[in-house]
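Protein chains in written order, with my numbering: chain A, 1 to 217; chain B, 1001 to 1217.
No residue lacks a Cβ here, since even glycine has one placed at the ideal position from N, Cα and C.
Accompanying notes for the structure given below.
Protein chains: 2
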Amino acid sequence: MRKVEVITQILNANDLTARENQALLKDHHILTVNLMASPGAGKTSLILQTAKALAGRARLGVIEGDVASRIDADKVASADIPVIQINTGGECHLDALTVQKALKTLPLAEIDILVIENVGNLICPVEYRLGEAIRVVVASVPEGDDKPYKYPGIFTAVDAVVLNKIDLAPYVDFNRDAMREGVVRLNPRATIFELSCRTGEGLRTWADWLESRWKNL
Amino acid sequence: MRKVEVITQILNANDLTARENQALLKDHHILTVNLMASPGAGKTSLILQTAKALAGRARLGVIEGDVASRIDADKVASADIPVIQINTGGECHLDALTVQKALKTLPLAEIDILVIENVGNLICPVEYRLGEAIRVVVASVPEGDDKPYKYPGIFTAVDAVVLNKIDLAPYVDFNRDAMREGVVRLNPRATIFELSCRTGEGLRTWADWLESRWKNL
């Protein structure tokens, strides 16, 4: 039999920095979540509601990624959560180096769960590890039930799918089973949460899961 | 006074191909629209409703751009509209060369208005000309009123902004004036259309505008 040559993938610069971030965050016993979604799916609302749901149980910190503006960071800061805004200029995703800079200014000793809100985009962010422990995609009911079929890369890569804005289901055409089937087919191990940041429905289950992931870090 | 040296930007390969596409489409007296939006803003619904509104007045043709799947092209084909699906694999935008290939298989003599539905993304598509005459971004009410502030590049580059899903306004927090102000501040010459593909409200004004742009080509 011939010898099989195995080529090990060399980590790129981003992956190496992501590993450094991961080690630093682990040292601080911080659960880091890379939160990805389309523009307007409700990432910032989810962060604000999660902080409320976990009040007294776990302390949140946030890194906000946007092409431009500090709208989201201002909202988070108003809720008295430590936050850094990253503006990417034109880039469609965050990268590990920019996150590393942000980590240097965040009060890590005061944070249990760090949520990194990525740039609103279902394509680019998935290619760049940031140092996170878990990856979550937020989809929303008015976006339609076909998102897993159209953006398989991101739905395959995540640990959890949060389906937000379920309160809008009566007013739009949305096939809940088609959406769930799309996720399960791509990624059977992903946990699916259905919730509404507006009404609060389903938030507790999500927050409990996040807390248990942090406790089992 | 010193002589001022002017450096003219050399067109890149994509721009050159886009110009070829533009010339071909102009020869066929086709108005070409580069339709951009977030995932789930309603680009395909807008195409289907526009085709209905223009029935007997102008004939549509469609190029569908998606990372994966042929869901949108199937919907368009069901409405008996000539359509080509482009799957970009992982790319977050269409480019002129791929569109050029698609143009070779479309029945151009049977098309008055060609809508190129770009990949669902508010960042990458704006950097790539495809050969279009006009560029349109679709935003939707449930995405929120802050999109112009967060994605200034695309809102600055377009000829028109279509605000879709206005029927959902009573059920979400959406400040219409903030959204309009955001657009006007970046791009005072952009025409803003408010409509609902679900109820049909506002579609006629949009369709009339498109037809007049075609007639004045």
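| Item | Value |
| --- | --- |
| Can you give me the C-alpha to C-alpha distance between residue 47/A and residue 1033/B, rounded to a whole angstrom? | 37 Å |
| Given a cut-off of 8 Å on the beta-carbon distance, is the pair residue 62/A and residue 86/A in contact? | no |
| Counting pairs of Cβ atoms below 8 Å between the segment 1135 to 1147 of chain B and the segment 144 to 151 of chain A, do you hit three or more? | no |
| Assuming residue 1135/B is part of the beta strand (DSSP E), what are its boundary residues? | 1134 to 1140 |
| Comparing the C-beta of residue 140/A with each C-beta of chain B, is any distance below 8 Å? | yes |
| How would you label residue 21/A, buried or exposed, when you count the other beta carbons within 10 angstroms and need 16 or more for buried? | buried |
| Measuring alpha carbon to alpha carbon, tell me which residue in 4/A, 37/A, 110/A is nearest residue 153/A. | 37/A |
| So for residue 1111/B, helix, strand or coil by DSSP? | coil |
| With 7 Å as the C-beta to C-beta threshold (strictly closer), list the residues of the segment 53 to 74 of chain A near chain B in chain order. | 66, 67, 68, 69, 71 |
| Just mark residue 212/A as buried or exposed, buried being the case when its beta carbon has 16 or more other beta carbons within 10 Å. | exposed |
| State the DSSP-derived secondary structure class of residue 193/A, mapped to helix, strand or coil. | strand |
| So, does the CB of residue 197/A fall closer than 8 Å to a CB anywhere in chain B? | no |
| Is DSSP giving residue 1200/B helix, strand or coil here? | coil |
| Could you check what DSSP says for residue 1118/B in three-state terms: helix, strand or coil? | coil |
| Going by DSSP, which residues form a beta bridge with residue 1083/B? | 1062/B |
| Is the separation between the beta-carbon of residue 116/A and that of residue 132/A shorter than 8 Å? | yes |
| Among residues of its own chain, excluding the 5 on either side of residue 179/A, which ones have a beta-carbon nearer than 6 Å to its beta-carbon? | 145 |
| Bridge partners for residue 162/A per DSSP, in chain order? | 138/A, 193/A |
| State yes or no: is the beta carbon of residue 143/A nearer than 8 Å to at least one beta carbon in chain B? | yes |
| Which class does residue 88/A belong to by DSSP, given the choice of helix, strand or coil? | coil |
| Residues in its own chain within less than 7 Å of residue 1075/B by CB, not counting five upstream and five downstream? | 1044, 1048 |
| Taking 8 Å as the threshold (beta carbon to beta carbon), is residue 1038/B in contact with chain A? | yes |
| Can residue 184/A and residue 158/A be called in contact, C-beta distance under 8 Å? | no |
| Give me the Cα-Cα distance between residue 1150/B and residue 3/A, rounded to the nearest whole angstrom. | 54 Å |
| With a threshold of 7 Å on Cβ separation, who are the neighbours of residue 68/A within its own chain once the five nearest residues in sequence on each side are excluded? | 87 |
| CB residue 1207/B to CB residue 1161/B, shorter than 8 Å? | no |
| CA-CA distance, residue 128/A and residue 1129/B? | 26 Å |
| Between the C-alpha atoms of residue 1072/B and residue 1029/B, what's the straight-line distance to the nearest angstrom? | 26 Å |
| For residue 1218/B, which residues from the same chain have a beta carbon less than 7 Å from its beta carbon, with the 5 sequence-adjacent residues on both sides left out? | The structure shown has nothing for residue 1218/B, since chain B only spans 1001 to 1217. |
| How would you call residue 1173/B, buried or exposed, if buried means at least 16 neighbouring beta carbons within 10 angstroms? | exposed |
| Have a look at residue 1167/B and residue 176/A and give me their C-alpha separation to the nearest angstrom. | 21 Å |
| What does the Cβ neighbour count give for residue 55/A, buried or exposed, with the cut at 16 atoms within 10 Å? | exposed |
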